[in-house]
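Engineer: Take 0 as the starting number for the sequence shown in numbering that gives the first Met the number 0 and just add one per residue.
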Amino acid sequence: MDKYKNSVAGGNLKPARITLQILEILVDNGVEGMSLNRLSKLMAIPRTSLHRYLQMLIESGWVETVGEKNSLLWKPSNHFIKLAFSYRNAVRAQIEEVKSEFKNLTGEEL
0 MDKYKNSVAG GNLKPARITL QILEILVDNG VEGMSLNRLS KLMAIPRTSL HRYLQMLIES
60 GWVETVGEKN SLLWKPSNHF IKLAFSYRNA VRAQIEEVKS EFKNLTGEEL
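(1) Since Ser76 and Glu63 are thought to touch, with beta carbons under 8 Å apart, how far apart are those beta carbons, to the nearest angstrom?
(2) Within a Cβ cutoff of 7 Å, which residues of the same chain sit near His113, ignoring the five residues on either side of it in sequence?
(3) Between the C-alpha atoms of Thr121 and Asn36, what's the straight-line distance to the nearest angstrom?
(4) What are the boundary residues of the alpha helix (DSSP H) that Leu38 is part of?
(5) Quick one: using the 10 Å Cβ neighbour count with 16 as the cut-off for buried, is Gly32 buried or exposed?
(6) In terms of alpha-carbon separation, which member of Tyr52, Val97, Leu109, Asn28 lies closest to Lys13?
Here it is as C-alpha cells:
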C-alpha cells in the first residue's frame, strides 16, 4: 500500500496523475469496491478533494458506486471493464497473427 504514497509529483499534470492513481488503486482492490475513507488514507489526500475526483470519474463513466449513501463503495465501472477486455482481445488477436505468421514461415507451431 505504500507504493501509492507520495507518488504524485508536482507540475500541471498533478490532477491527471491523481485521477490515474485513483483508477489504479480501485482496480488493484477488486470488484467489491472501496470506501472513501480507505481510499483517502491510501492516497494521503483529503476526502473532500478525493470526492471531487471521484465525482468527475463517475460523470465520465469510469467509476461507479455501490451500496447505501452512508456506506458507499467506489469501483471501476462496466465501461472501464469493457475497455480492458477490448484491449485484451486486441492483444490476443495480434498474438494469433504472430503465431500464424510463425507457422507459415517455419511450419512449426508456437
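In this text, a Cβ means the ideal position worked out from N, Cα and C, and glycines have one as well.
Structural biologist: Taking the structure as given:
(1) 4 Å
(2) This structure cannot speak to residue 113, because the chain is shown only from 0 to 109.
(3) Coverage of the chain is limited to positions 0 through 109, which leaves residue 121 absent and any answer about it impossible.
(4) 35-42
(5) buried
(6) Tyr52
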